[in-house]
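Enquirer:
In this note's numbering, the protein residues as written are 94 to 159.
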């Protein structure tokens, strides 16, 4: 189960990175370092929150059905 969570987190991070890059470089948005930097800051805060949620779920003991 833990491997599934790690793979899911990695897939989420890669997808989010791709979306942020596309958003930052689209027409109407700055393709400069500033635009990409804002996207990366947003991505880092979101991925940090997601990582903390995953760590919380991993550290919680799994409940066994009785």
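C-beta atoms are modelled at their ideal positions from N, C-alpha and C, and glycine is treated no differently.
For residue 133, collect the residues of the same chain with a Cβ closer than 7 Å to its Cβ; drop the 5 residues on either side in sequence, then sort them by chain order.
Expert: For the purposes of this step, residue 133 is identified with residue 40 of the chain shown, where counting begins at 1. Correct list, in chain order: 113.
Enquirer: In whole angstroms, what is the alpha-carbon distance linking residue 149 and residue 98?
Expert: Counting from one through the chain shown, the residue named residue 149 turns up at place 56. Counting from one through the chain shown, the residue named residue 98 turns up at place 5. Distance between the alpha carbons of residue 149 and residue 98: 12 Å.
Enquirer: Alpha carbon to alpha carbon, how far is residue 135 from residue 147? Give it in angstroms, no decimals.
Expert: In the chain shown, counting from the first residue as 1, residue 147 sits at position 54. In the chain shown, counting from the first residue as 1, residue 135 sits at position 42. Their backbone Cα atoms lie some 18 Å apart in a straight line.
Enquirer: Alpha carbon to alpha carbon, how far is residue 140 from residue 154?
Expert: Along the chain shown, read from residue 1 onward, the residue named residue 140 stands at position 47. Along the chain shown, read from residue 1 onward, the residue named residue 154 stands at position 61. Going from the Cα of residue 140 to the Cα of residue 154 covers about 23 Å.
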